[in-house]
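Residues in the sequence shown are numbered from 1 upward in steps of one, following our numbering.
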Amino acid sequence: MTNLKWTIGEVEVHQIVELEAGQIIKDTLKNATPKNIRDIGWLYPNFADEAGNLKALVQGFLIRSDNKNILIDTCNGNDKVRIDIPEWGNLQTDFLKKLRVIGVTEMDVNVVACTHLHFDHVGWNTKFEGGVWLPTFPNAKYLFAREEYEYWNQKPAKEIADDKAAFDDSVDPIVKAGLAELIDMEYKIDRHISFIPTPGHTPYHVSVFIESQNQRAIISGDFLHHPCQVAKPQWTTDTDTQPEKGIVTRQRILAEIADTDVLLIGSHFANPVAGRVVQVSDGFIFKV
């Protein structure tokens with residue numbers, strides 16, 4: 001699979017795919033039954049197959065902006081022990097090789113930004129060397145929303161073991177290495193790129209807003225898991241900490257960007273990943 005690339009004014013966004021994720025995303029979206037998915041005709045062929053099975057990815061995005069390399073979300077990572085979703089544990093993927101294909105080594109990454117601290121968005125923050133978890137990108141500053149960090153630092157009882165394990169193996173080592181920067185939910189990374197609050201999936205989830213030369217884009221993170229939630233924003237996932245708040249966030253953002261030039265880049269969306277939201281009589285569609 002060739003990495004896709006988008007240009008937003010002076011900013012480049014490169015896709016870095018870690019793995020295919022359709023079945024696991026389907027398992028967490030209980031409303032996404034084959035019949036319900038087939039009823040949303042425009043999902044085929046890019047985002048679902050003829051039988052109504054979802055297509056999805058785990059992927060990160062490398063942004064080039066103002067001569068900096070900014071990595072948005074770092075997927076599952078290798079060698080991580082995961083018990084709730086073992087399919088995403090003990091992986092050996094070529095994520096770093098795909099990064100190198102676009103001309104970026106681990107040493108070249110200037111900023112790592114996590115939309116939230118679930119295990120499939122922080123994994124490559126660290127790699128296992130000499131029996132310890134070390135920062136994969138030692139020259140980067142790692143950006144975590146302060147309240148999101150504080151939430152997971154409490155090891156909330158209601159959350160799954162894999163996310164708590166990820167805090168220990170993929171977040172805490174970054175803090176201990178002195179590379180973490182705890183920032184507010186509307187932090188501006190540079191003159192083109194900022195966080196916007198999109199809470200619900202996690203309590204302090206953020207998305208990434210890009211604006212350059214009158215062009216705009218949003219990298220969603222997980223306020224959307226699949227384009228079916230563009231059609232059905234009321235559909236929630238089992239992994240939403242605050243599902244009702246997530247519905248409000250989806251409805252708000254979709255209404256704000258519908259029928260505009262904003263390119264929506266879905267963090268778990270299958271290729272072609274990016275498109276625009278269009279308002280129709282009964283809600284919204286995602287047009288690629």
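All residues carry an ideal CB built from backbone N, CA and C; glycine is no exception.
(message) Going residue by residue through the stretch 15 to 86, where are the continuous beta strand (DSSP E) segments of at least 3 residues, counting only ones entirely within it?
(response) 57 to 65, 68 to 72
(request) Would you mind stating whether Ile16 and Ile219 have Cβ atoms separated by less than 8 Å? (result) no
(request) State the beta-bridge partners of Pro203 as determined by DSSP. (result) For Pro203, which the question treats as bridged, DSSP gives no partner whatsoever.
(request) Can you have a look at Lys176 and say buried or exposed, based on whether 16 or more other CB atoms are within 10 angstroms of its CB? (result) exposed
(message) Given the structure, does Ala161 come close to the ligand ATP, in the sense that its CB is under 7 Å from one of the ligand's heavy atoms?
(response) Of the ligands one can find in the structure shown there are none, so the ligand ATP has no counterpart to examine.
(request) Measure the alpha-carbon distance for Asp49 versus Ala165 and round it to whole angstroms. (result) About 34 Å.
(request) Could you have a look at Ser170 and say whether DSSP puts it in helix, strand or coil? (result) In the three-state scheme derived from DSSP, where H, G and I count as helix and E and B as strand, Ser170 is classed as helix.
(message) Which residue wins for smallest C-alpha separation from Leu264, given the options Phe286, Lys245, Asp79?
(response) Phe286
(message) With DSSP as the reference, identify every bridge partner of Pro197, one or two as the case may be.
(response) Val206
(request) Return yes when the Cβ of Val101 is within less than 8 Å of the Cβ of Phe137, no when it is not. (result) Going by C-beta atoms, Phe137 is not nearer than 8 Å to Val101.
(message) Between the alpha carbons of Glu150 and Asn271, how many angstroms are there, rounded?
(response) 34 Å
(request) Identify which residue in Ala255, Thr236, Asp261 has its Cα closest to the Cα of Gln215. (result) Asp261
(request) Specify, as a first and last residue, the run of the beta strand (DSSP E) that Val288 falls within. (result) Judged by DSSP secondary structure, Val288 falls outside any beta strand (DSSP E); it is assigned neither H nor E.
(message) Distance check for Ser170 and Leu179, CA to CA, integer angstroms please.
(response) 12 Å
(request) Determine, using beta carbons only, whether Gln242 comes closer than 8 Å to chain C. (result) Within the model displayed, chain C is absent; a lone protein chain is all it includes.
(request) Report yes if the CB atom of Asp163 is closer than 8 Å to the CB atom of His118, and no otherwise. (result) yes
(request) Determine, using beta carbons only, whether Asp190 and His205 come nearer to each other than 8 Å. (result) no
(request) Flag this pair as touching only if the stretch 236 to 247 and the stretch 199 to 213 have three or more C-beta atom pairs under 8 Å; answer yes or no. (result) Under the 8 Å Cβ criterion, the stretch 236 to 247 counts as touching the stretch 199 to 213, having at least three qualifying pairs.
(message) Quick check: the Cα distance between His268 and Leu143, rounded to an integer number of angstroms?
(response) Rounded to whole angstroms, His268 to Leu143 spans 20 Å at the Cα level.
(request) With a threshold of 16 other CB atoms inside 10 Å of the CB of Gly103, please say whether the residue is buried or exposed. (result) Result: exposed.
(request) Let me know if Ser65 comes out buried or exposed under the rule of 16 or more other beta-carbons within 10 Å of its beta-carbon. (result) buried
(message) Looking at the secondary structure, which residues open and close the beta strand (DSSP E) in which Gln279 lies?
(response) 274 to 280
(request) Grab me the residues of Asn53's own chain with a C-beta within less than 8 Å of its C-beta, minus the 5 sequence neighbours each way, in chain order. (result) Gly22, Gln23, Lys26, Pro34, Ile37
(message) Going residue by residue through the stretch 113 to 187, where are the continuous alpha helix (DSSP H) segments of at least 4 residues, counting only ones entirely within it?
(response) Here the runs fully enclosed are 146 to 153, 161 to 166, 172 to 176.
(message) Comparing C-alpha positions only, which one of Asp120, Pro197, Gly131 sits nearest to Ala145?
(response) Pro197
(request) Taking Ile218 as part of the beta strand (DSSP E), name the residues at either end of that continuous run. (result) 215 to 219
(message) So, under 8 Å CB-CB, Phe95 and Glu12 are touching, yes? Tell me the CB distance rounded to an integer number of Å.
(response) Not really, about 19 Å apart at Cβ, beyond 8 Å.
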